[in-house]
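Number of protein chains: 2
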Amino acid sequence: IRPGAGHLNGYKIANPTVLARIGDDELVELLRGYGHTPYLVAGDDPPRMHQEFAAVLDRCLDEIGAIQRRAREDGVDLVGPDRPRWPMIVLRSPKGWTGPDEVDGLQVEGSWRSHQVPFANARDDDGHRKVLEDWLRSYRPEELFDELGAPVAAVRDLHPAGARRMSANPHANGGLMLQPLRMPHFRDYAVDVSEPGTGAVESTRVLGAFLRDVMRQNMTTFRVFAPDENNSNRLGAVLEATDRTWSAERLPTDDHLAPDGRVMEILSEHLCQGWLEGYLLTGRHGFFSCYEAFIHIVDSMFNQHAKWLKTTNGIAWRRPVASLNYLLTSHVWRQDHNGFSHQDPGFIDHVVNKKADVIRVYLPPDANTLLSVADHCLRSRQYVNVIVAGKQPALQYLDMDAAVVHATKGIGIWEWASSDADGEPDVVMACAGDVPTMETLAAVEILRGWFPDLRIRVVNVVDLMRLQDERAHPHGLSDAAFDALFTRDKPVVFAYHGYPWLIHRLTYRRSNHENFHVRGYVEEGTTTTPFDMCVLNGLDRFNLAISAIDRIERLDGRAAHAREALTNKLIEHRLYVRTHGIDLPEIRDWAWSGTAGPRSSGGSPLREPEA
Amino acid sequence: IRPGAGHLNGYKIANPTVLARIGDDELVELLRGYGHTPYLVAGDDPPRMHQEFAAVLDRCLDEIGAIQRRAREDGVDLVGPDRPRWPMIVLRSPKGWTGPDEVDGLQVEGSWRSHQVPFANARDDDGHRKVLEDWLRSYRPEELFDELGAPVAAVRDLHPAGARRMSANPHANGGLMLQPLRMPHFRDYAVDVSEPGTGAVESTRVLGAFLRDVMRQNMTTFRVFAPDENNSNRLGAVLEATDRTWSAERLPTDDHLAPDGRVMEILSEHLCQGWLEGYLLTGRHGFFSCYEAFIHIVDSMFNQHAKWLKTTNGIAWRRPVASLNYLLTSHVWRQDHNGFSHQDPGFIDHVVNKKADVIRVYLPPDANTLLSVADHCLRSRQYVNVIVAGKQPALQYLDMDAAVVHATKGIGIWEWASSDADGEPDVVMACAGDVPTMETLAAVEILRGWFPDLRIRVVNVVDLMRLQDERAHPHGLSDAAFDALFTRDKPVVFAYHGYPWLIHRLTYRRSNHENFHVRGYVEEGTTTTPFDMCVLNGLDRFNLAISAIDRIERLDGRAAHAREALTNKLIEHRLYVRTHGIDLPEIRDWAWSGTAGPRSSGGSPLREPEA
């Protein structure tokens, strides 16, 4: 809470406002409850109001000065019981103040009728035109303008000069103040990945250590914002460098609360977004982590920020500001505790409706790729960057060198997982997102177990906008590059993190689009095991393998037994999960083996699962 | 404001809550500022707390009774200065109350550590298991359960019976209480349309008269909700039947404010949405009108309601509730005053990500179709219905008989605008939404003026979900029906109200999809004329006609002059709008002529526009 000011003119379009009609007593209590000391200035006589307002302003400046002295000179920590009630001025003046009193016999000044256009017909109605003339003459234009119509010196010289002019204030053109972040080397935080598709790393925890050191090197220009508790999203390492902002009462059991903390943690996506926008627009840097489903709470605020970026890109004197960086985690595929209400990967869909030159979407499959992407986003300007990455222990695929190459390309063939190097693939298995990547690799292993001669190409997508046409997005692949990855005529089974139709929307112009078969989240879910969530939505390894079998020409007529065994597996899975409440051991313990996987057992799905 | 209750246990996951740490004085002021009389009950000794809470509850019930008597027996109108401050109880008790005091030497009860799982390892750690046992034994289970483990009679008989059981309370299963609305005949409100494509009717104003009479016949079970002023959205006729809900101070100049008003008008989309959801879930009916761009403010709330509907569809004892009806108006194409910040047609994209069996989207092109659609939506159950319709004067196309047929089909060929009755069309001109429909018809007239022998089919879409595959949405057309409308191989120029890629997403499986060329909103806009907004986004008649020319095989090599003249027109338009601030007369005054339009003049676009 800081000094505040509010203006109550009593009305919105055709209605009174609530605060204007609850009485001074309730209004004052409300504002005191918000932590202010309110001062009301009310009336309708302009000269008297000017004097009163000036006096209150002086009084408030004195109070602010006293508070500042208490902190700066007396060294009082202004928190808890010493937290100051900053002054707040409430100006109550009539709506349409000094405008026409009455028009057509109806009250205008001091009523809702003065909203926007207090009278409609000055062009054709003599009465209205007279009202307009009297109104404008009441400002005594002959004293304000010279004979050429230019403002007189008293008006011309009234405003401040230089950077104190409102339009030239550097705080309102934050790019002028912007200093690049001092960045640690993201490679120093790399996870060791000796064999791809192994390990159990919480990718966002790795990112947390990197963010901690970004914080340490930028203690006046960087903040992290978290409606859902930084710790819960595994970014807790940041608290080694700073605290959570807190100025109310503190207790000994509290954890890392301080008035100068730089972690803005409050269970309000709106506040986090608003604070971050203000912070960026005044020339600083920030990072917003959020539960994926609940970032929709700020859809409308994001809209306005994206529109701001698009518009300011066309205004030469507006300098670029730091990008607005979202990390969406606690995502749709891991709902071990929360379930259906916490599942919505659609913020990406919302974001990609905005102008292509201000939005970027990244789905790093593992920790090293996440580091590389985060480094890139923190250095960027004038974008909204959306990064989606899980916080649960997950397999790692790329060592740091490979991750940098992969994140830089944004999309690529994973040679080590592919078996089509000697020619055309029979099928392209594509994936975007950490869970879909794991399921795709497991499906590839299953397919190679059943059909060792199958030529499978694995394509992983980090930068979602690579899928779009190069004419539609600056990151879009050329048709030649796209066709080289996805072929012009082979089946593509695409496992995607979010709503599957987004992939169709991004690729509908591509020559091979009709062979794209996309699996993703189809709004099925509950509180269940990680693998069951995939099964409920048809994104699991067995369904992906079946989808491939159904589309690979060479398998036509050869794959009935494999298909049957995979279907049996799905039933075995369901029985096991319903009985044990956890996933089958072969699912829980699965890792990429580097060789063709075992041919699936194909045993009866109805045998009793082991206890 | 009604009686309230709150519980402050001090913490969220790992942090204190703000209200627990601002001191009782500020808390009480805040709640008094919200209009309550707060009563604090604080402590940690269960027996004493039970007694204190019971005493405060009695006191509050007495106060509520006194307020009710004042209104019911003494006849006091409880508004303005007589508005009661309803009591509110605030219970302050420790988080994890009566749970373990300490675990591993750290305080748990009364601290953030008691969140969810106060100790993690009861299975493997003897100390944790002992804590668990002591904790559970503290409830003296031997007194609560008999030797078979069933609750003893004292527990069994504690809860109320029948409809007073929480799970059986009919107010919590609103469908049980739901009565159908008594509906006026929507045909009685029909607009006279003697010639299609003429007139200047504010469609939502026509709807307002219908809603007024729905209100009159359902004065205890129907409310309208409006963050953006009902009047501004042209639904003001509703105020002939009821008032705006208002219980604060009133002045003589106020317009239709009353405590029992049934128009819920407040500039908070969140409050409107929350009120409406509660109203529907308790068995009533409602109608929510909103500026199109700002309905995104409740994206996340809509999500949860849609998920609720999907889930309850699978619960046999939950009875269907009335649908949640949105009217989105003040839409993207008419920004004569507001501009870019007020443009976002993406709520439709957000809605169609939800499960197909609970969502419906309608784009009625004119007033009679809007009436028919609204009647259908108000009678429906368990859906979210989204209706998009403009509030500005617009052309009308269908008389009531035709509108009912068209709205019932949801999609159809407009014979009167088509010229392909004798055979295959050369092009299908499709449209969805009021402004795109007008631009499409104007483009058709232009095309027929230049190429009188062209066979053009006009398809209008009201029910957007008709475009989807029948396997993907219950309203989806079969492939045969879709192909009959859109052909299997002819070019389709589709003018759509919202983001164009949504049409691709809905139709990508259709056989003729590769010939679909969609125009829509591409995030370009400012405060400008209605037609210029179309031009900025390429949805205008000239661009649509050019798109058709470029794709019609028969015109290959024949259309250079037409194309040039249309391009000239676009330049003429731009010069005129920049000069005069209004659209060209031929645009402003355009109406469907019923015959092939004049061949566009093709004159120099650089001649000076007339003054």
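Top line first, the protein sequences correspond to chains A and B. First residue of the first sequence: 1, per the working numbering; consecutive thereafter. First residue of the second sequence: 1001, per the working numbering; consecutive thereafter. Beta carbons: idealized from backbone N, C-alpha and C, even for Gly.
Residues of chain B with a Cβ closer than 7 angstroms to the Cβ of ILE297/A are, in chain order, SER1300. Within the same chain, Cβ atoms closer than 7 angstroms to the Cβ of ALA1356/B are found at ALA1472, HIS1473 and PRO1474, the five residues on either side in sequence being excluded. Looking at the DSSP output, CYS1534/B bridges to nothing. Around the beta carbon of ILE297/A, 16 or more other beta carbons sit within 10 angstroms, so the residue counts as buried.
Following the DSSP letters along the chain, one finds GLN1051/B inside the alpha helix (DSSP H) bounded by residues 1046 to 1072. DSSP places GLN304/A outside any beta strand (DSSP E); the residue lies instead in the alpha helix (DSSP H), whose first and last residues are 299 to 312. One Cα belongs to THR198/A, the other to VAL191/A, and the distance between them is close to 12 angstroms. Taking 8 angstroms as the threshold, the shortest C-beta distance from ARG32/A to chain B falls below it.
Considering only beta carbons, the part of the region 343 to 366 of chain A lying closer than 7 angstroms to chain B consists of ASP344, GLY346, ASP349, HIS350, ASN353, LYS354 and LYS355, in chain order.
By the rule that beta-carbons nearer than 8 angstroms mark a contact, ASN1009/B does not touch chain A.
The straight-line gap separating the alpha-carbon atoms of GLU1564/B and TRP1450/B is approximately 12 angstroms. Here the alpha carbon of TRP86/A sits roughly 10 angstroms from the alpha carbon of ARG32/A. Taking the C-beta atoms as reference points, PRO94/A is found nearer than 8 angstroms to ASP44/A. Our two residues, THR1253/B and ARG113/A, have alpha carbons roughly 9 angstroms apart in a direct line. Annotation: SER1167/B to VAL1427/B spans about 58 angstroms, alpha carbon to alpha carbon. With its beta carbon less than 8 angstroms from one in chain B, ASN231/A belongs to the interface.
Given a length threshold of 3 residues, the region 329 to 358 of chain A has no whole run of the beta strand (DSSP E) inside it. Straight through space, the alpha carbons of MET1177/B and PRO1320/B are spaced by roughly 10 angstroms. Residue environment for GLY96/A: buried (at least 16 other C-beta atoms within 10 angstroms of its C-beta). DSSP places LEU1395/B inside the beta strand (DSSP E), whose first and last residues are 1393 to 1396. One Cα belongs to ASN313/A, the other to GLN382/A, and the distance between them is close to 8 angstroms. Ranked by Cα distance from CYS1377/B, the first of GLY1390/B, PHE1340/B and LEU1324/B is LEU1324/B. The C-beta of TYR383/A comes no closer than 8 angstroms to any C-beta of chain B. By the beta-carbon neighbour count (other beta carbons within 10 angstroms, threshold 16), MET1219/B is exposed. Rounded to whole angstroms, the separation of the alpha carbons of PRO1003/B and ALA1071/B is 15 angstroms. Within 7 angstroms of the CB of LYS1307/B, the CB atoms of chain A belong to PHE340 and SER341, in sequence order along the chain.
Residues of chain A with a Cβ closer than 7 angstroms to the Cβ of ASN1543/B do not exist; the shortest Cβ-Cβ separation is about 17 angstroms. At a cut-off of 8 angstroms, the C-beta of ARG1551/B has no neighbouring C-beta in chain A. Taking 8 angstroms as the cut-off, the beta carbon of MET49/A is found no closer than this to the beta carbon of VAL56/A. Distance between THR1037/B and LEU1280/B, taken at the CA atoms: about 29 angstroms.
CA-CA distance, ILE1503/B to ALA1430/B, rounds to 11 angstroms. Between the alpha carbons of GLU52/A and MET88/A lies a distance of about 15 angstroms. CYS1272/B and MET1301/B have their C-alpha atoms some 11 angstroms from each other. THR1487/B places its beta carbon less than 8 angstroms from that of PRO1425/B. In terms of beta-carbon proximity, ILE1022/B lines the interface with chain A, with at least one pair separated by less than 8 angstroms. Contact annotation: ALA403/A and SER380/A have beta-carbon atoms that are not nearer than 8 angstroms.
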